[in-house]
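Below is one structure, written out as structure tokens; comments come after it.
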Amino acid sequence: MPAYDSELSDPPIPVAIVELTHLANMKKVGGIRMMIDTGADITIVPHAALSELGVEESDVASAGFGLSGFGGGGEDAKLVLLKLHLIGKTFTGNYAVADLPYGIVGRDVLNLPRIVFDGPRQIWEEVKR
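Note that the numbering used here has the sequence shown beginning at 7, numbered continuously upward.
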């Protein structure tokens, strides 16, 4: 079962290790660490993964909106079309890119499967319908 991580956050936060696929060249990169954030509207992939995927600058588009966190501030969002492989499922979408050491799985993906978070046991899992 996927677990929580106390190195990224205190209190611990649920994390997933995902695989990304770049649709233009079908190159895959696994082992991408992503925080599971039910408060995030969108999914954000770490910028470092783009070079591993062979993403060209022409593959990245301006989103027309900014990214900001709880503390405010922000930057213009950039989007890239990718497949995200998580819990045995594939989610295709235009995901934001940020210069972070980890990614964030937001509600654009999390609202699709049924996921239960068990904070006391520090695990999360998909619940089959």
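Even for Gly, the Cβ is constructed at its ideal location relative to N, Cα and C.
None of these values were measured; they are calculated from a predicted model.
Considering only C-alpha positions, which residue in the set the options is nearest to residue i?
i    : options               : result
E58  : D43, A102, V66, V35   : V35
V66  : L90, A30, G45         : A30
R135 : P119, G125, P126      : P119
S12  : K33, V133, G125       : G125
R39  : D47, H53, G45, M32    : H53
P107 : H91, Q128, V51        : V51
I19  : T27, D43, K33         : D43
G60  : K84, T27, R127, I121  : T27
S15  : M41, K33, G37         : M41
L92  : Y10, E25, G45         : E25
K84  : K95, L90, E62, F97    : E62
G37  : A55, Q128, I129, D105 : A55
Grab the span of the alpha helix (DSSP H) containing residue i for me, first residue to last.
i    : result
A59  : In the sequence on display, residue 59 carries Leu and not Ala. Residues 54 to 59.
L118 : From DSSP, L118 is part of no alpha helix (DSSP H); its letter is neither H nor E.
Where do the ends of the beta strand (DSSP E) carrying residue i lie?
i    : result
G34  : Reading off the sequence, residue 34 comes out as Lys, not Gly. Unbroken beta strand (DSSP E) run through K34: 34 to 42.
P20  : 19 to 28
Y101 : 95 to 104
V133 : It is not in any beta strand (DSSP E) - V133 carries neither H nor E in the DSSP assignment.
I110 : 109 to 111
List the whole-angstrom C-beta distance separating residue i from residue j, where the pair is believed to meet the contact cut-off of C-beta under 8 Å.
i    : j    : result
A144 : V111 : Since the displayed the chain opens at 7 and closes at 135, residue 144 lies outside it and no answer follows.
V115 : T49  : 5 Å
N100 : V86  : 7 Å
S68  : D82  : 6 Å
Just checking: is the beta-carbon of residue i within a distance shorter than 8 Å of some beta-carbon in chain B?
i    : result
N117 : The question asks about chain B, but that chain is absent: this structure has only one protein chain.
Closer than 7 Å: is that where the CB of residue i sits relative to any heavy atom of the ligand SAM?
i    : result
V111 : With respect to the ligand SAM, the structure shown offers nothing to examine, as it has no ligands at all.
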